[in-house]
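J.: Just dropping this structure here.
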Amino acid sequence: MSLQTPRSSFIAKIELFRLPPRWLFVRVETTDGIVGWGEATLEGHTEAVEGAFDDLRERFIGWDADGIEDIWQHAYRARFYRGGPVLMSALSGLDIALWDIKGKKLGVPVWQLLGGKVRDRVKVYGWIGGDKPSDTYEGAKVRKEQGFTAVKMNGTGSIAWIDSPAILTDTVERIKSVRSLGMDVGVDFHGRLHKGMAKQLAKLLEPHQPMFIEEPLLPTQPEEIADLAQQISTPIALGERLYSRADFRPYLERRAIDIAQPDVSHCGGISELRRIASLTETYDVALAPHCPLGPVALAACMQVALHAPNFVIQEMSWQIHYNKGADLFTYLVDPSVFAVSDGHVEALQGPGLGIEINEVLVRETAEKHSKQIAWRNEVWRGQDGTQREW
């Protein structure tokens, strides 16, 4: 009996859809009619990513869609300048769509193509509290009723280089209230705090055993984060603003982090996310992909989460405070694929990414909002008028 190799599928069309609340979907269609979906959302910089796709279209229309790695390497290395959030987010969206196409073509989930799954379901957490955290107790009660056992919240709102200790006390009280419900909680410092305040808050939170503290300082400071890691027992998580495995190296070599949080829509897609997972595993660092984004990004994260041995928990944007005008399930034909039960989502079983996008709604919504300005984050200033970290 001879083995038959599936025929090649060539990239025929690459389309972008700017959608509420702040997402950028990528649709890739092959010459034999297979459609794959990706997500290239780069919050606050949508137009820049759209511009990067002008180059990707020019380069890859007509290429063999099965050559995912060759396309990835060419997109990353063939131009003199590489990396960074804009170029890597564009590459991410294309890469995710190509994996979706390959899985659909072969009739298997992407996690099967990666080598199979090591778990049957994925632990998830939801968001509470908003940018300027408030009502965290009530928010946590809602998440618990929805089936979550873990949540994440921002540690503070706007904060000065050295600010009132009362701000930190308020954070501790919010954490205590959520923990009183029996829920685990991650605390996102969001790179907002400077070293003097971050050290104090990390120490104050330690007795209350947060699941992790995220971005305790800006990711431009690996040495300072490594110093902080030596002072506390709470796991340090970081990675949404790192865009390749090379970007993670300084943190791994300095033993600065305990949990890696690459974002599949920023770090080079499924291809690079799985490489980061393998790299971090060698340093005994856990994987918890960052994903406050849309359903395509979440489905892509879950493919790697099911496959990677060092995966621990997945961020999920259902009813996150950014989702105005649409939510995680809006553009899905079958939202039940992301049903939360006992803190977990079952393994996605469908071919490719395992989700079905409502293309009619996507096209109608993108057309309706085509003239609107893309989402922007707030700009914060202190009482003296100086810029603060958002």
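Okay, so the sequence shown: first residue is 0 according to numbering that gives the first Met the number 0, each after it adds one.
Every residue gets a Cβ at the ideal spot worked out from N, C-alpha and C, and that includes glycine.
What you are looking at is a predicted structure, and each value in this text was computed from that prediction instead of being measured.
Using C-beta distances below 8 angstroms, list every residue in its chain close to S176, excluding the 5 sequence neighbours before and after it, in chain order.
T.: Within the sequence shown, the letter at position 177 stands for residue 176. The residues are T135, Y136 and A139.
J.: Using only the alpha-carbon positions, how far apart do L2 and E388 sit?
T.: Mapped onto the sequence shown, residue 2 falls at position 3. Mapped onto the sequence shown, residue 388 falls at position 389. Note on L2: pLDDT 43, under 50, position unreliable in the model; no value is reported.
J.: What do you reckon, are the CB atoms on G146 and D130 nearer than 9 angstroms?
T.: Here residue 146 refers to the residue found at position 147 of the sequence shown. Here residue 130 refers to the residue found at position 131 of the sequence shown. In this structure, D130 does not lie closer than 9 angstroms to G146 by Cβ.
J.: The beta strand (DSSP E) spanning L15 covers which residue range?
T.: Along the sequence shown, read from residue 1 onward, the residue named residue 15 stands at position 16. Per DSSP, L15 belongs to the beta strand (DSSP E) from I10 to L18.
J.: Name the residue from R21, I354, I13 and A11 whose alpha carbon lies nearest to the alpha carbon of Q371.
T.: Along the sequence shown, one-based indexing puts residue 371 at 372. Comparing Cα positions, the closest option is R21.
J.: Between which residues of its own chain and A287 is the CB-CB distance below 8 angstroms, once the five residues before and five after are set aside?
T.: Here residue 287 refers to the residue found at position 288 of the sequence shown. F211, A236, I258, A259, Q260, F310, V311, I312, Q313 and E314, listed in sequence order.
J.: Short check: CB of G128 to CB of N376, under 9 angstroms?
T.: Reading the sequence shown from its first residue, position 129 is the one you call residue 128. Reading the sequence shown from its first residue, position 377 is the one you call residue 376. Taking 9 angstroms as the cut-off, the Cβ atoms of G128 and N376 do not count as close.
J.: Could you tell me if T364 is buried or exposed, where buried requires 16 or more neighbouring beta carbons within 10 angstroms of its beta carbon?
T.: The sequence position of residue 364 within the sequence shown is 365, counting from 1. Buried is the call here.
J.: Decide if P291 is buried, meaning its Cβ has at least 16 other Cβ atoms within 10 Å, or exposed.
T.: Within the sequence shown, residue 291 is the residue found at index 292, counting from 1. Using a 10 angstroms sphere on the CB of P291, the tally of other CB atoms reaches 16 or more, which defines it as buried.
J.: Is it buried or exposed for R142, if we count other Cβ within 10 angstroms and need 16 for buried?
T.: Counted from its first residue, the sequence shown places residue 142 at position 143. Buried.
J.: Identify whether Q230 lies in helix, strand or coil by the three-state DSSP scheme.
T.: Residue numbering aside, residue 230 sits at position 231 when the sequence shown is read from its first letter. Coil at Q230, not helix or strand.
J.: Give a yes or no on contact between the stretch 329-338 and the stretch 77-94, applying the rule of three or more CB pairs nearer than 8 angstroms.
T.: no
J.: Please return the same chain residues whose Cβ sits closer than 7 angstroms to the Cβ of W110, not counting the five positions on each side in sequence.
T.: Mapped onto the sequence shown, residue 110 falls at position 111. Excluding positions up to five away in sequence, the list reads K116, Q302, L305 and H306.
J.: Out of S340, I256 and R248, state which residue places its alpha-carbon closest to the alpha-carbon of L278.
T.: For the purposes of this step, residue 278 is taken as the residue at position 279 of the sequence shown. Selected option, being the one with the closest Cα: R248.
J.: Smallest Cα separation from M152: which of I158, T170 and A165?
T.: Position 153 of the sequence shown, counting from 1, holds the residue named residue 152. Of the candidates I158, T170 and A165, the one whose C-alpha sits nearest the C-alpha of M152 is T170.
J.: With burial defined as no fewer than 16 other Cβ atoms inside 10 Å of the residue's Cβ, what is the status of T148: buried or exposed?
T.: Taking the first residue of the sequence shown as position 1, residue 148 is located at position 149. Per the 10 Å Cβ criterion, buried.
J.: Alpha carbon to alpha carbon, how far is P218 from L203?
T.: As a position in the sequence shown, residue 218 is number 219, starting the count at 1. As a position in the sequence shown, residue 203 is number 204, starting the count at 1. L203 has its alpha-carbon roughly 22 angstroms from the corresponding atom of P218.
J.: Given this structure, state the Cα-to-Cα distance separating K103 from V184, to the nearest angstrom.
T.: As a first step, residue 103 must be located in the sequence shown, where it is residue number 104. As a first step, residue 184 must be located in the sequence shown, where it is residue number 185. Cα-Cα distance, rounded: 37 angstroms.
J.: Determine the contact status of E239 and E214, defining contact as a CB-CB distance below 9 angstroms.
T.: Numbered from 1 along the sequence shown, position 240 holds the residue referred to as residue 239. Numbered from 1 along the sequence shown, position 215 holds the residue referred to as residue 214. Yes, they are a contact pair.
J.: To the nearest angstrom, report how far apart L360 and V48 are at their CA atoms.
T.: In the sequence shown, residue 360 corresponds to position 361, counting from 1. In the sequence shown, residue 48 corresponds to position 49, counting from 1. Using only the alpha carbons, I get a separation of about 22 angstroms.
J.: What are the start and end residues of the alpha helix (DSSP H) that includes I35?
T.: Translated into positions along the sequence shown, residue 35 becomes position 36. According to the sequence provided, residue 35 is Gly. The question's Ile does not apply to it. Taken as a continuous stretch (DSSP letters only), G35 belongs to no alpha helix (DSSP H), being part of the beta strand (DSSP E) at V34 to E38.
J.: Select from W71, P308 and G190 the residue whose C-alpha is nearest the C-alpha of E280.
T.: The count along the sequence shown starts at 1 and reaches residue 280 at position 281. Here the closest residue by C-alpha is P308.
J.: What are the complete alpha helix (DSSP H) segments, minimum 4 residues, inside the stretch 22-94?
T.: 45-59 and 67-76
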